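Protein chains in written order, with our numbering: chain L, 8 to 310; chain F, 87 to 459. Okay, structure first, notes after.
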Amino acid sequence: MNGIEQTLIGGIAGGTAIVIPSLGELTSELAGIVNLGTEGCMLAGALGAYAVTVATGSAEIGVAGGAIAGAVFGLLHAYLTIYRKADQLTSGLVVWFLALGVTGVLGTSYVNDVITPLPVISIGGLSKVPWLGPILFHQDLLVYVGYVLVPLIIFILHRTRIGLLLRSTGERPEVVSVAGNRPNLIQATAVTIGALLAGVGGAQLSVGYVGTWFDDMTSGYGFVAVAVVLFASWKPLRVMVGAYIFGVALSAESVLQTNGIAINQYLLDALPYLVTLIALVIVSRKGGRKAPEALNRALIDVT
Amino acid sequence: MGKVSLKLGNSQKPLEVVSNTGATATLASSIKVAFKRHKLAYLSVGSYVASMAVFGLIVFVKGANPLSVFSVVVQSTFFNGGSVEQIILRAVPISLAALAVAVPARAGLVNVGGEGQLIMGAIGATGVGLTVGASAPSPLSWALMGVAGGLAGAIWAGIPALMRTATGASEAVTTLLMNFVANDIMLYLIYQPWRDRYSSGQPQSQPLSHSAQLSSLFGSQLNIGVVFAVALAVATWWLLKKSHWGFALKVVGGNQEAAKRAGLPINRLLISSMLVGGALAGLGGMLNLAGVEVQLRPGITATFGYIAFLASWLGRHEPYKVVIAAFLFSAIALSSNGIQLNFGLNGSIVDILLALIVIAPLFLSKNRKAMTK
């Protein structure tokens, strides 16, 4: 196995921890609510999944625990921003801070625990496809969840009534309300589902890709997920591509290191964030697609 | 303002009507009116009490007595001379980074990059301090370190500002990402070019020479950096409240369309607000480094930049309120030591406390908006 294959395998596995939260953030943003707390929800998901895995011995049940932990923090963000009209960015940061504190306090007892992470599953014939097979189809469960989630979310958002309602809420909540629907409820559901997916993304880190828990282990991936949604101009396919690119940048770093390429580790650590920043500039310059209108009000016309 | 007085007029109406209908009814409804008028105040107190109750509950779950934790927080904050000095020292970077949020906020920009700007300020100061510190007289090396720190912070805030004005990339997200880049740059410098070969254990940069360190004030733990910080805070207040530039920022932040029609250079104002903010945070990082830390180490900023964002928000981006909030948060952040020592709880428990203190007013956003509409 050469370095490029190693990088791509790690990129898909690590990228999944960004893909799933980004799709969650996409859902939330299309409904008009930006959630910087995605970082906190991932953190909660990572610890929740780890704790449940330690307790039950099953990483699959752990993932469910992570999803719930993420959703709980998402509910708080939804309540504050939608029902209490709090500033979205501040609320998101506070949710992150709260999660940082809670996972710091509760997580100390799990630092030395050992778990059996999600097993690698080979998809029969597909994993035998030369070169691509081992990269795409010899991965853990959540990677496949990521594969399924992308078309599923595209279908729901663009082909169903629920998706139409959600997107309309993100553009003009007033109109949705006049038409006899409850924009608040729709937004709250979108934010909570988004946070749930962030929790699953966190689980992919703690019980999947990395397989251990340490303090502040998401180290900004949740913020990257928010950035990915912006530079993907709210298009699910681009979100997926962007997130995997970030994953590849992450994994390139560790592969270069193990192969003894003499670049300082910390400069490499900065690479994924730089890639994201540059992508943001390039895409924004092209104009991209306009943001959902309700979101624009929250993101640009602040204070 | 016109709208507010209108609203007040309305809310007084029931009082007049009621006063004609008998004494008992008057009493009951005037209590009601009094509650309505001070509703926000009661709700504020209520939400803070609820926040503290939640914190107490978390502490209780972790097996410590909430009341004794609270008393440790209060005691270590107010009744210990040494720790008052520590609080002031911490408040220096936190309040400058908080002002770095408040200045762009005037123009409607969201600077969440205080952490990175503090780090870059500390890096700039260390670079200059290590180069000239040993040979130059103290005041000169302080000045040069200040320039380098302020410049580095300004650059770090200026890049997202340019990205915003040139391409429309949301500065809330770009400033956040810049924090992580800054931290990695610092780690690189600590682990390689600036590494202190003589220290064992955790890697850190070489220390500043003695003459480059900020001298202490009257033999206390405080240093002359506190004086500089006060001067910077006053200057920021003047800039925002008294200068033409500050007024122009407010116009841009209030109504960009009106600002455009008035012929204000919007992009230049947006960028300059971020540059000034970044410079303030950079200077905060420099003062913290030259006065307290003396050398770069991993985790030197300890989330001060994010705490500062919350402080600025809590102070509604009003300079003096922001500084008060920064002191409060500095005290709480410091109490983590006491909590760790006395109760064996993880120090990040104060993050929970900080978050809950900000959740209380966030919870009231709706009531506040209803009051001012």
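The beta-carbon is built from N, C-alpha and C at its ideal position, and this holds for glycine as well. These numbers come from a predicted model, not from an experiment.
Requested in this report: Could you tell me if ILE11 of chain L is buried or exposed, where buried requires 16 or more neighbouring beta carbons within 10 angstroms of its beta carbon?
Outcome: Numbered from its first residue, the first sequence carries residue 11 of chain L at position 4. Exposed, since its Cβ has fewer than 16 Cβ neighbours within 10 Å.
Query - Span separating the alpha-carbon of ILE435 of chain F from that of GLN161 of chain F - result: Position 349 of the second sequence, counting from 1, holds the residue named residue 435 of chain F. Position 75 of the second sequence, counting from 1, holds the residue named residue 161 of chain F. Cα to Cα, ILE435 of chain F sits roughly 17 Å from GLN161 of chain F.
Query raised in the report: Counting contacts by CB-CB distance shorter than 8 Å, is ASP94 of chain L in contact with chain F?
Result: If you number the first sequence from 1, residue 94 of chain L lands on position 87. Taking Cβ atoms only, chain F reaches closer than 8 Å to ASP94 of chain L, which makes this a yes.
Report task. May I ask you to report which of helix, strand or coil DSSP gives HIS145 of chain L? Result -> Position 138 of the first sequence holds residue 145 of chain L. Three-state DSSP puts HIS145 of chain L in a strand.
Report task. Determine the DSSP secondary structure at ARG281 of chain F, reduced to helix, strand or coil. Result -> Here residue 281 of chain F refers to the residue found at position 195 when the second sequence is read from its first residue. Strand, per DSSP.
Requested in this report: Select from L:GLY17, L:VAL207, L:LEU96 and L:ILE40 the residue whose C-alpha is nearest the C-alpha of ALA301 of chain L.
Outcome: What you label residue 301 of chain L is simply residue 294 of the first sequence in a count that begins at 1. Out of L:GLY17, L:VAL207, L:LEU96 and L:ILE40, L:ILE40 has the C-alpha closest to the C-alpha of ALA301 of chain L.
Query raised in the report: Got a sec, what are the start and stop residues for the beta strand (DSSP E) SER256 of chain F sits in?
Result: Counting from 1 along the second sequence, the entry for residue 256 of chain F is found at position 170. Neither: SER256 of chain F is in no beta strand (DSSP E) and is coded neither H nor E.
Query raised in the report: If contact means a Cβ-Cβ distance below 8 Å, which residues of the stretch 413-438 of chain F contact chain L?
Result: LEU431, ASN432, GLY433, SER434, ILE435, VAL436, ASP437 and ILE438
Requested in this report: Compare the C-beta of SER97 of chain F with all C-beta atoms of chain L and state if any pair is closer than 8 Å.
Outcome: To locate residue 97 of chain F, count along the second sequence from 1; it is residue 11. Confidence in SER97 of chain F is poor, its pLDDT being 44 and thus under 50, which makes the residue's placement too unreliable to answer from.
**Report entry** CA-to-CA distance, ALA20 of chain L to LEU275 of chain L, given in whole angstroms
**Finding:** By 1-based counting over the first sequence, the position of residue 275 of chain L is 268. By 1-based counting over the first sequence, the position of residue 20 of chain L is 13. Roughly 19 Å between the two C-alpha positions.
Requested in this report: Please decide whether ASP276 of chain L counts as near chain F, where near means a Cβ-Cβ distance under 8 Å.
Outcome: Position 269 of the first sequence, counting from 1, holds the residue named residue 276 of chain L. By this cut-off, ASP276 of chain L is an interface position.
Report task. Report all residues from its chain with a CB closer than 8 Å to the CB of GLU171 of chain F; omit the five preceding and five following residues, and keep chain order. Result -> Stepping through the second sequence from its first residue, residue 171 of chain F is reached at position 85. Answer for GLU171 of chain F: SER306, GLN307 and LEU308, listed in chain order.
**Report entry** Counterpart residues of ASN309 of chain F in DSSP-defined beta bridges
**Finding:** Here the question's residue 309 of chain F lines up with position 223 in the second sequence. DSSP, once it has assigned bridges, lists F:SER302 as partnering ASN309 of chain F.
**Report entry** C-alpha gap between SER130 of chain F and ALA136 of chain F, whole angstroms
**Finding:** Working through the second sequence from its first residue, we reach residue 130 of chain F at position 44. Working through the second sequence from its first residue, we reach residue 136 of chain F at position 50. One C-alpha to the other measures close to 10 Å.
Query raised in the report: Hey, out of L:ILE160, L:ASP223 and L:PRO180, whose CA is closest to ILE200 of chain L's CA?
Result: Numbered from 1 along the first sequence, position 193 holds the residue referred to as residue 200 of chain L. Checked all of L:ILE160, L:ASP223 and L:PRO180; the closest Cα to ILE200 of chain L is L:ILE160.
Query - Cut-off 6 Å between Cβ atoms - residues of its own chain near VAL147 of chain F, not counting five sequence neighbours on either side - result: Residue 147 of chain F sits at position 61 when you count from the first residue of the second sequence. Correct list: empty, nothing qualifies.
Report task. Verify whether the separation of the beta carbon atoms of TYR228 of chain L and LEU263 of chain F is less than 8 Å. Result -> Translated into positions along the first sequence, residue 228 of chain L becomes position 221. Translated into positions along the second sequence, residue 263 of chain F becomes position 177. It is not a contact, given that the beta carbons lie outside the stated cut-off.
Query raised in the report: In three-state terms, what does DSSP make of SER291 of chain F?
Result: Here residue 291 of chain F refers to the residue found at position 205 of the second sequence. Of the three classes helix, strand and coil, the one that applies to SER291 of chain F here is strand, per DSSP.
Requested in this report: Say whether the stretch 177-188 of chain L touches the stretch 14-31 of chain L, bearing in mind that this needs 3 or more beta-carbon pairs closer than 8 Å, one atom from each stretch.
Outcome: no
Query - Outcome for PHE449 of chain F when other beta-carbon atoms lying within 10 angstroms are tallied against a minimum of 16 - result: As a working note, residue 449 of chain F is residue 363 in the second sequence. Classification for PHE449 of chain F: buried.
Query - Where VAL218 of chain F sits in the DSSP three-state scheme - result: Taking the second sequence and counting its residues from 1, the one referred to as residue 218 of chain F is at position 132. VAL218 of chain F falls in the helix class under three-state DSSP.
Query raised in the report: Are there three or more Cβ pairs, one per stretch, closer than 8 Å when the stretch 352-366 of chain F is compared with the stretch 282-302 of chain F?
Result: no
Query - Interface flag, PHE104 of chain L vs chain F, CB-CB below 8 Å - result: Taking the first residue of the first sequence as 1, we reach residue 104 of chain L at position 97. By this cut-off, PHE104 of chain L is an interface position.
Query raised in the report: How about THR310 of chain L: is its C-beta nearer than 8 Å to some C-beta of chain F?
Result: Counting from 1 along the first sequence, the entry for residue 310 of chain L is found at position 303. The predicted model places THR310 of chain L with a pLDDT of 36, which falls under 50 and marks its position as unreliable; any figure quoted below should be read in that light. True, the Cβ-Cβ gap to chain F drops below 8 Å.
Query - HIS330 of chain F versus GLY200 of chain F: straight-line alpha-carbon distance, rounded - result: On the second sequence, position 244 is the one that residue 330 of chain F refers to. On the second sequence, position 114 is the one that residue 200 of chain F refers to. If you take the alpha carbons of HIS330 of chain F and GLY200 of chain F, they lie about 25 Å apart.
**Report entry** Spatial neighbours of ARG250 of chain F in its chain, beta-carbon cut-off 6 Å, leaving aside the 5 residues before and after
**Finding:** Reading the second sequence from its first residue, position 164 is the one you call residue 250 of chain F. Hits under 6 Å: GLU257.
**Report entry** 8 Å Cβ cut-off: residues of chain F touching ASN271 of chain L
**Finding:** On the first sequence, residue 271 of chain L is found 264 positions in, with the first residue counted as 1. Neighbours of ASN271 of chain L on chain F, chain order: TYR274, TYR277 and GLN278.
Query raised in the report: Taking contact to mean at least 3 C-beta pairs separated by less than 8 Å, is the stretch 200-213 of chain F in contact with the stretch 336-347 of chain F?
Result: no
Requested in this report: Pull out every residue of the stretch 233-248 of chain L whose Cβ sits closer than 9 Å to any Cβ of chain F, in chain order.
Outcome: VAL233, ALA234, LEU237 and PHE238
Query raised in the report: According to DSSP, what are the bridge partners of SER129 of chain L?
Result: Counting from one through the first sequence, the residue named residue 129 of chain L turns up at place 122. DSSP output for SER129 of chain L lists L:HIS145 as bridge partner(s).
Report task. Could you tell me which chain F residues have their CB closer than 7 Å to the CB of LEU107 of chain L, listed as they occur along the chain? Result -> Stepping through the first sequence from its first residue, residue 107 of chain L is reached at position 100. Within chain F, the residues near LEU107 of chain L are SER434 and ASP437.
**Report entry** Contact residues within the stretch 124-142 of chain F, judged by C-beta distance below 8 Å to chain L
**Finding:** none
Query raised in the report: Are the Cβ atoms of LEU284 of chain L and THR260 of chain F separated by less than 8 Å?
Result: For this step, residue 284 of chain L is matched to residue 277 along the first sequence. For this step, residue 260 of chain F is matched to residue 174 along the second sequence. Closer than 8 Å, so yes.
Query raised in the report: Taking Cβ-Cβ distances shorter than 9 Å, what residues in chain F pair up with LEU263 of chain L?
Result: The residue labelled residue 263 of chain L in the question sits at position 256 within the first sequence. Per Cβ cutoff of 9 Å: no residues; LEU263 of chain L is ~15 Å from chain F at best.
Query raised in the report: For chain L, is any of its Cβ atoms less than 8 Å away from the one on THR260 of chain F?
Result: As a position in the second sequence, residue 260 of chain F is number 174, starting the count at 1. So yes, THR260 of chain F belongs to the interface.
Query raised in the report: CA-CA distance, GLY377 of chain F and ILE386 of chain F?
Result: Locating residue 377 of chain F in the second sequence gives position 291, counting from the first residue. Locating residue 386 of chain F in the second sequence gives position 300, counting from the first residue. Distance between the alpha carbons of GLY377 of chain F and ILE386 of chain F is about 13 Å.
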